[in-house]
Ligand SMILES: [Fe+2]
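Residue numbers (the numbering used here): 11 to 251.
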C-alpha cells in the first residue's frame, strides 16, 4: 500500500504516452473500431487503484512455468528458456508478482476455437503458463518457440513470432499486458501492432535478447526479457489505455 505520512494515497506516475502504442493506428484495423471518440477523463489514483489486486485463488502447479511438461509427451518445436526481471519505475525488483504467458505452438497455431488457420495443433502443447517472480523480481519459463501466424488485418498479414505476457504488479494501475518478440524477425517492419509504438527505443524494449549464458548446452536456447511496469523506461502495453 502506498500511503504518505499525512495519510494521503500516493499514486503511481502516469505512463509517458511516447513509450506506448498509438491509441488509433489505422494500419492496425481493430484500433479504428475500439478507439474512444471522446477525450479521456483522467481519474485520480485512490486507495483502490494503488492497492491490490492480490493473487491468491489457485496455487501455482509444478509444471505451470514449464510448457513442455504439461502433457504426456513433449511438444514439437524448438525448446527455449525465457527469463527476465520485473522492475518498477525506480528500477527496483517487483517480487512475488504473478506473470502469465500464452502463445501459439511451433506451427503458429493457437489452441483456441477462433484460430482455424491451416496449421496443426500439437496434442502435447497448450500454450499457457504462469509463475511468480522471486526476491530479485526474476521469472523463468521453459517453452517452445512460437511460429509466425497469419491474421486478417490486411492482405498477406503475418504476426512476428511472439509470446503474450500479463503481469499484475503491485496494484491495479500497474497491470501490464504486452507481447515479447524474438531478435532479428523479418516481419517487424510489416507488423502494424509492433509499429503502432512510434518510439524506436520503446519498440526495442519488446524484443527479447538471445543470451548464451541462459542457453543450456544440448538442451535449449535462452532469451532474456526484462519488463518495467511504469515510468520513462516502461515496457509498452499491448494497447493504449
Ligand atoms: Fe498472438
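For each residue, glycine too, the CB sits at the ideal point set by N, CA and C.
Exposed or buried, which one is residue i when buried takes at least 16 other CB atoms within 10 Å?
| i | result |
| --- | --- |
| residue 184 | buried |
| residue 107 | buried |
| residue 245 | buried |
| residue 78 | buried |
| residue 180 | buried |
| residue 71 | exposed |
| residue 143 | buried |
Taking the DSSP output, what are the residues bridged to residue i?
| i | result |
| --- | --- |
| residue 253 | Examination of residue 253 is not possible in this model, given that the chain is present from 11 through 251 alone. |
| residue 229 | DSSP, once it has assigned bridges, lists no residue as partnering residue 229. |
| residue 222 | Residue 222 is not bridged to any residue. |
| residue 138 | 112 |
| residue 151 | 92 |
| residue 191 | 172 and 217 |
Let me know the secondary structure DSSP gives residue i once reduced to three states.
| i | result |
| --- | --- |
| residue 213 | helix |
| residue 247 | coil |
| residue 5 | Absent from the model: residue 5. The displayed extent of the chain is 11 to 251, so no value can be given. |
| residue 44 | helix |
| residue 237 | strand |
| residue 199 | helix |
| residue 204 | helix |
| residue 60 | helix |
| residue 160 | strand |
| residue 31 | strand |
| residue 120 | coil |
| residue 172 | strand |
| residue 74 | coil |
In whole angstroms, what is the alpha-carbon distance linking residue i and residue j?
| i | j | result |
| --- | --- | --- |
| residue 170 | residue 101 | 29 Å |
| residue 18 | residue 149 | 33 Å |
| residue 231 | residue 217 | 15 Å |
| residue 105 | residue 165 | 43 Å |
| residue 28 | residue 16 | 33 Å |
| residue 167 | residue 202 | 9 Å |
| residue 139 | residue 239 | 20 Å |
| residue 57 | residue 236 | 28 Å |
| residue 26 | residue 172 | 24 Å |
| residue 229 | residue 90 | 8 Å |
| residue 122 | residue 200 | 25 Å |
| residue 99 | residue 243 | 7 Å |
| residue 175 | residue 21 | 24 Å |
| residue 137 | residue 23 | 34 Å |
| residue 103 | residue 226 | 25 Å |
contact_flag[the stretch 29–36, the stretch 156–171] where n(CB pairs < 8 Å) is 3 or more: no
Counting Cβ pairs, one atom from each stretch, are 3 or more of them under 8 Å apart for the stretch 71–87 and the stretch 125–145? yes
Just checking, does the stretch 38–45 make contact with the stretch 114–128 on the three C-beta pairs under 8 Å criterion? no
Three-pair Cβ contact test at 8 Å for the stretch 188–199 versus the stretch 47–55: no
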